[in-house]
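Numbers in my numbering are just positions in the first sequence, counted from 1, shifted up by 290. Glycine residues also receive a C-beta, built at the ideal position from the N, C-alpha and C atoms. Note that this is a predicted model, so its numbers are computed, not measured.
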Amino acid sequence: MDFIIEKLNDMQKEAVLTGDGPVLILAGAGSGKTRVLTSRVAYLVMEKSVNPSSILAITFTNKAAREINNRVGKMMGGGMWFPWIGTFHSMCLKMLRMYPESLGYRKGFAIYDTDDQKVLIKDCLSELDLDSKLLPPKMIINVISRSKDELIDEVDFSNKNSSDYRMSLVAKVYNVYQKHLVEYNAMDFGDLIFNAVKMLRENDNIRNYFQNAFKHILIDEYQDTNTAQYELAHILSEKHKNIFVVGDDDQSIYGWRGANINNILDFEEDYPGCMVIRLEQNYRSTKNILSAANEVIKNNDDRKGKTLWSDRSRGSKVNYYKATTDSMEAYFVANKILKGMEKGRDYADYAVFYRVNAQSRSIEQALRDKDIPYRVFGGISFYQRKEIKDVLAYLKLLLNVNDNIQLKRVINEPKRGIGKTTLHKMEEYAIDTGSSMYEVAKDADIYPGLHKAAVKLSGFVAMIEKLLTAAIEKSVSDLYDDVIQMTDILKQYELENTINSRSRIENIRELKSAIITKAEDYYESFGEELTLETFLESVTLSTDADNETEGTFVSIMTLHSAKGLEFPVVFMTGMEEGIFPSVQSLGEGRLEEERRLCYVGITRAMDEVYIINTMQRTLYGRTQTYPESQFLREISPNLINYINGSGPSVRKTKTYNRESFGGLRITKGGKPISIAGFTAEAGEAADVKIGQRVRHKKFGDGTVTNTEGSGSDKMIEVAFDMAGKKRLMASFAKLKILD
DNA sequence: ACGCTTCCAGTTTTT
DNA sequence: CTGGAAGCGT
């Protein structure tokens, strides 16, 4: 154990060795958070003789969970099994699977993803005769999900929203939606946490059992927990009070998804007498990069406050490049990467970040053009693809034939001549008889409205029945073969024979490899054959973020997906007001979260950062101009290396012809006539920063766009509103600083 | 019931 | 620009 402790700095040691009771670790970016967490787990087991099965460690991704498991295993020489390391969702699922009846569920309940939710919501809308134009399913899903995050059930929601007509309708949908979920024996993602809390609250025995079972609770990324997760942790830790949370309020970027930053901000009040330890030494970035990140984040009010420092060298300045178009931006990135490769860099050293997935297109194009291998992270994951979801829906249906949502997805996929009229009738009969659509399909010939479709329906039923037998007898991968073969799902794509359809076939084939790999892993870990249930569960709870970032390729991803990763060289693209920060966040006053996102981006970099914006961007088929991001101006110019000091904006500066502009009177020709009460001393504005508005006697008002050099040689570049761009000697220019 | 056309919306997304 | 959904004609 000593060899583990030796490697830690004082603060990390304190964190790892701290005694029982609540502990809050405020761990800055790159401060060795995972090392602390894993060391703590190893310490508890090896020094404090804590049983691994009484440790509950919660992470936000499966990847992080795996990493902790592996690292702890390695530290302890392997062979130790931690049954309770996982994500909030997987841990809750594990608890719920033990006592599903306590909530009126049956064994083997299904998990609904967003797609399933959407279908079910639409069903609920039509059942209630509500217009999906007035109440878009997406919005309803959002409202319901946020409510579950806040532990507001359908009854509470209805009571709270009785005055708002629209919301009272949503309340109705929420109610019917929950009813159907139980009926279909299914839970959505939000239910997993919500129901776990409910189960613990309402059942003394179950609560006591888990409170006793978990002697130590450790939570990673605590800043991104929502209210339900907070409550879960609170209940579980009530008895032993050993709650050890690690997080960084400055990296809370999932507020829009229900994360409650107050969980971390108020930890000290919620857990009186808790220990607070700050990890402020950053082992990742150079001093310059860190300073830039610190300068940005210090503009936030809603934070605990901490300043990261680094032992590393100053390093190079933060590079700033102003491109003309998004395509130029992308080629700048590509060329920089090629140059770096000549100097001995590896493709894997590079990451390109952007605010929205749609921005990846131009980046991808430039990289492809320059033959640079890359990989896009996030976006539509493999398991979200339509063709994969179709195959999975068949498998899910085999787990529960009464799951109408899956049945509706596959019954006419591929086309079997079963259309919506038939489906509508089946649905009605199912409601009338209180059975499922599959039961109705089985007895299609006894229902008057289904005579015509009866033959087709019985064909479908016969196929499913055969597959049901196969599901009992065969392994998941053999069952997959049967599904593909009997449903003939590939045929339509083969006939289509387009690039698109061929890639769909490839994906479906790829699914088999995924099944085989999972089955092998499972056998290795548990010595048992992978069950269909376990397979589907792991698929719904896994995401793209679990993918490996190692390899010889450039990683390109959204800033959100970048959290937790690090790269020697980072490109922050699209640093434009309206893109990043996004218009939506500006409109909703959610600037601080955007700024945290910027902080996350910069702190991913080890050696070099390139911040890029462009004057013209084509997004969603619309070309627009955006001003540079305010975050850029928050970094002081002495930390920035301006790659192209004067962009083409010089030539583009227009001569305004307005009567009055910025307190300046001008004539038709654009020449100022007089400036009332103007006085300025030479050198008064020697320390101006980029973005600063200044006034010049001759040129009028303008914005500082660049500064170069220092001391008496310092040059300032100012884009004057009327007179265009001028370069001035800082120590001589008579400039007045404006507010 | 199906396939073709038109229309529309379009952040971020660890589960 | 692009994918998905709704609408319409066969």
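- For Asp616, the closest alpha carbon among the candidates Gly309, Ile1006, Gln649, Asn584 is that of Gln649.
- By the Cβ test, the region 371-384 is in contact with the region 352-362, since at least three Cβ pairs between them sit closer than 8 angstroms.
- According to DSSP, residue pairing for Tyr395 in a beta bridge does not occur.
- At a cut-off of 4 residues, the continuous stretches assigned as alpha helix (DSSP H) that sit fully inside the region 423-468 are 427-439, 444-450.
- For Lys676, the enclosing alpha helix (DSSP H) has its first and last residue at 676-689.
- By the 16-neighbour rule on beta-carbons within 10 angstroms, Thr711 is exposed.
- If the five residues before and after Glu974 are omitted, its C-beta is found closer than 8 angstroms to the C-beta atoms of Lys1024, Leu1025, Lys1026, Ile1027, all from its own chain and listed in chain order.
- Taking Ile902 as the centre and dropping the five residues before and after it, the same chain places the C-beta of Tyr610, Tyr611, Lys612, Ala613, Glu619, Phe622, Val623, Phe861, Met862, Thr863, Gly864, Met865 closer than 8 angstroms to its C-beta, in chain order.
- Look at the beta carbons and you see the region 823-832 touching the region 392-409: at least three pairs across the two are nearer than 8 angstroms.
- The continuous alpha helix (DSSP H) containing Gly891 extends over residues 881-892.
- Membership of Thr308 in any alpha helix (DSSP H) is not indicated, and neither H nor E is assigned to it by DSSP.
- Between Lys979 and Ser926, the beta carbon gap of about 6 angstroms places them in contact (Cβ cut-off 8 angstroms).
- In this structure, the beta-carbon distance from Ala332 to Val326 does not fall below 8 angstroms.
- Non-local beta-carbon contacts of Glu884 in its own chain, meaning distances under 6 angstroms to residues more than five positions away in sequence, involve Pro871, Ser875 in chain order.
- Exclusion of the five residues before and after Gln655 leaves Ser617, Ala620 as the residues of its chain whose Cβ lies within less than 8 angstroms of its Cβ.
- Minimum Cα-Cα distance from Ile345 among the listed residues Lys505, Met477, Gly322 corresponds to Lys505.
- The criterion of a C-beta distance shorter than 8 angstroms is not satisfied by Thr404 and Met365.
- Linking Asn590 to Lys715 through their CA atoms gives a straight-line distance of about 57 angstroms.
- Per DSSP, Thr324 is not a residue of any beta strand (DSSP E); the alpha helix (DSSP H) it occupies stretches across 323-336.
- For the 8 angstroms CB-CB criterion, Leu386 and Asn485 form a contact.
- The beta carbons of Tyr910 and Ile869 sit no closer together than 8 angstroms.
- Two segments are said to touch when three or more pairs of C-beta atoms, one from each, lie closer than 8 angstroms; by this definition the region 496-516 touches the region 544-558.
- Shown here, Phe504 sits in coil according to DSSP, grouped into three states, outside any helix or strand.
- In the DSSP assignment, Thr908 forms a beta bridge with Thr913.
- With a contact defined as Cβ atoms closer than 8 angstroms, Asp680 and Glu703 qualify at about 5 angstroms.
- A Cβ-Cβ distance of about 6 angstroms is found for the pair Arg983 and Thr993, placing them in contact under the 8 angstroms criterion.
- In this structure, the alpha-carbon of Val691 lies about 11 angstroms from that of Val730.
- Separation of the CB atoms of Met776 and Leu757 is rounded to 6 angstroms, and the pair is thereby assigned contact status at 8 angstroms.
- Taking all protein chains shown into account, Lys438 has 16 or more neighbouring C-beta atoms within 10 Å of its C-beta and is therefore buried.
- Where Lys746 is concerned, the enclosing alpha helix (DSSP H) starts and stops at 744-763.
- Under the three-state reduction of DSSP, Arg645 is assigned to coil, being neither helix nor strand.
- For Lys384 and Leu689, the gap between their C-alpha atoms comes out near 18 angstroms.
- Cβ contact annotation for Pro858 (same chain, cutoff 6 angstroms, sequence separation greater than five): Asp639, Met896, Asp897, in chain order.
- Sixteen is the threshold: when 16 or more other Cβ atoms of the shown chains lie within 10 Å of the Cβ of Tyr561, as they do, the residue is buried.
- Per DSSP, the continuous alpha helix (DSSP H) segment holding Thr723 begins and ends at 710-723.
- Exposure of Ser606 is indicated by the presence of fewer than 16 other C-beta atoms within 10 angstroms of its C-beta.
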